[in-house]
Structures are given as C-alpha cells and as structure tokens.
Amino acid sequence: MTEIKTIKVLLAEDDKNLGTILKAYLEAKGFPTVLTADGQQALEAFENEQFDFCIVDVMMPVKDGFSLAKDIRKEDKEVPILFLTAKSMQEDKLKGFELGADDYITKPFSMEELLVRMKAILRRIGEQEKKSKEKNKFEIGKYEFDYNRQVLIKGKASQRLTSKESELLRLLCQKQNEVLDRSEALQKIWHDDSYFNARSMDVYITKLRKFLKEDPDVELMNVHGIGFKLMVNE
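In my numbering, the protein residues as written are 14 to 247.
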C-alpha cells in the first residue's frame, strides 16, 4: 500500500454540494480525489484510472452503490471501499459487507469521522500486507529466501527458483526443524500424491539440497517413509 499522502480516491456521490465539499476536504488532507455523480460514471473512471481507495454513496442514479461495488470487486478484489449512506437498516449494512465493503458510515457524518475511518482502513490493510510479506520471507542459516520473488540469496549471490521449487521450499521453511509429510507436500503443491508426482518432488528436493549446500549448518534430510526435514543449526 502506498503512503497515505499519495493515495488516490474515487468518490461516487450524487449530491453535488456534499461531493464538492468532500472532494475539497480530502484534497486538503493530501488525498487526490476524482468526483463522479453516479455509479456508472464512477465505474468508467475506475476502469480508466488507478485508484487506491473508493468512497461510494449507496443511493445514486443510473447505477447504485451496491451495484458499483459489485462491479469494482470484479476488477479489483483488494481496493478499499467505504460506503456512505443515509440508511441505517441492518440488512443494508450486511449487504454492503457481503459485497466487500471495508466500512460503512451513515449520513450525516463529520469530515473528521470520515478521515479517521479511512485511515483506520488503510492502516489495517497496511498491517495485513506487512504480515503477508513477512510470512513469505524466510531465513535459512546464511540464506534468505524470498517466496514472492522466487529467489534464494546468500551474500551477493542469488539463485532464481521455479514456482514448484519456491512452493516446496516455503513448505519446508514453515516446518523448519520439523518433518514435512510427503503426502501433505504433494497435495498442497501437485494436488495429487501419485507415484509420478512423488518422483518429480524427489527431483526438486535434490535441486534444493544442491542450492543450500554452501551453508554447512543447513541440511535438507530425507526422513525415510515419512517425508523431509529442513534442519538449521543455530
């Protein structure tokens, strides 16, 4: 997620006065904002520009906020959506959350409350992304393994990995110093524990063992009849 000051907002609000005030306020707070007057205009803007946050009024002409959110989610499953509504019906809120809304604010509201909610959503998403990245980076003795980039690094040297190699090494890292069951690995990566896939996995294990051989404190062991263990001596 980009820093808050550079986040671009799509604002879909058919009330011209409120929309103009919101746009001015958000831009004063450092959020570049595109204002659209109905759901169809908003969808066209979303399809033609890159947005980091969507503020969507539920009751709009041409295409309502729920329909707009549904279309946005077809294009982007992650972009935050905050609904604005004059409604307070529980079923409307539930429908909004089912469509992927991150939060709901009922009119009338203060500008400060809107800003606080936006920042809370952005902070939560930023923390989730940080945790996700952390889970995909591992230390293996003197090596660093970046699953997202599919690369194994030792000092200034790096080794590119295939998708299967990366998936297998991540499973081994997640169970570092514990046994990774052969069947579990085959089902998670190959979705089938057939003999031929098992032989293929053995080849990948041999390749990973070769990639890790430069550190004597790292050992990729076969556990006979069970699976594999990535041992790292501290």
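Beta carbons are placed, not taken as given, at the ideal position from N, Cα and C, and that holds for glycine.
Note that the structure is a prediction, hence the values are computed from the model and not measured.
In the three-state reduction of the DSSP assignment, valine 92 falls in the coil class. Annotation for methionine 234: Phe241, Lys242 and Met244 place their beta carbon closer than 7 Å to its own, counting only its chain and skipping 5 residues before and after. Here leucine 24 is near leucine 35, since their CB atoms are less than 7 Å apart. As DSSP reads the structure, glutamate 152 sits in a beta bridge with Glu157.
In the pairwise beta carbon analysis, the stretch 215-231 is classified as touching the stretch 151-163: at least three pairs are separated by under 8 Å.
A Cβ-Cβ contact shorter than 7 Å links phenylalanine 79 with leucine 112. Taking the Cα positions, glutamine 54 is about 50 Å away from lysine 169. Inter-segment contact for the stretch 188-196 and the stretch 116-127 is absent: fewer than three beta-carbon pairs are separated by less than 8 Å.
The C-beta separation of threonine 46 from leucine 39 comes to about 5 Å, placing the pair in contact by the 8 Å criterion.
In the DSSP assignment, glutamine 187 falls within the alpha helix (DSSP H) that extends over 176-187.
Taken through DSSP and simplified to helix, strand or coil, arginine 222 comes out as helix.
Burial is judged here by how many other beta carbons sit within 10 angstroms of a residue's own beta carbon; alanine 82 has at least 16 and is buried. Aspartate 70 sits away from glutamate 126, with the two beta carbons spaced by 7 Å or more. In the three-state scheme derived from DSSP, where H, G and I count as helix and E and B as strand, serine 171 is classed as strand. Leaving aside the five residues that flank arginine 173 on each side, the residues in its chain whose CB is nearer than 7 Å to its CB run, in chain order, Gln163 and Val164.
A residue is called buried when at least 16 other Cβ atoms come within 10 angstroms of its Cβ; glycine 43 does not meet this threshold and is exposed.
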